[in-house]
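**Q**
Numbering (mature numbering (1 follows the signal peptide of the UniProt record, and there is no 0)), first residue to last: -17 to -1, 1 to 63.
See below:
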């Protein structure tokens, strides 16, 4: 029973660590330690983080501003 509970604790912490702060399909362009631009399929966002000893404060919620919207997809139906 101890081995099973130890395995579950390790597996849960590994899965939690693997899902860090990544978004599917998004890419981050780091302008400075406090500012980044995140490009996602839904649009571009400017993110401003609070600093704690010259590093990003991940506890405080960042300020997110939408700066661009993704163009809508054009679907063409071609028939013979």
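All C-beta atoms in this analysis are idealised placements derived from N, C-alpha and C, irrespective of residue type, glycine included. Every value quoted in this text rests on a predicted model; they were computed, and no experiment measured them.
Helix, strand or coil: how does DSSP classify residue -9 here?
**A** Helix, per DSSP.
**Q** Over what stretch of residues does the beta strand (DSSP E) that includes residue 51 continue unbroken?
**A** Counting along the chain, residue 51 sits inside the beta strand (DSSP E) bounded by residues 46 to 52.
**Q** Cα separation between residue 10 and residue 53?
**A** 14 Å
**Q** May I ask you to report which of helix, strand or coil DSSP gives residue -15?
**A** helix
**Q** Would you call the region 39 to 51 and the region 13 to 31 touching, i.e. three or more CB-CB distances under 8 Å?
**A** Segments in contact, yes.
**Q** Would residue 39 pass as a contact of residue 17 if the rule is Cβ separation under 9 Å?
**A** yes
**Q** To the nearest angstrom, report how far apart residue 7 and residue 34 are at their CA atoms.
**A** 25 Å
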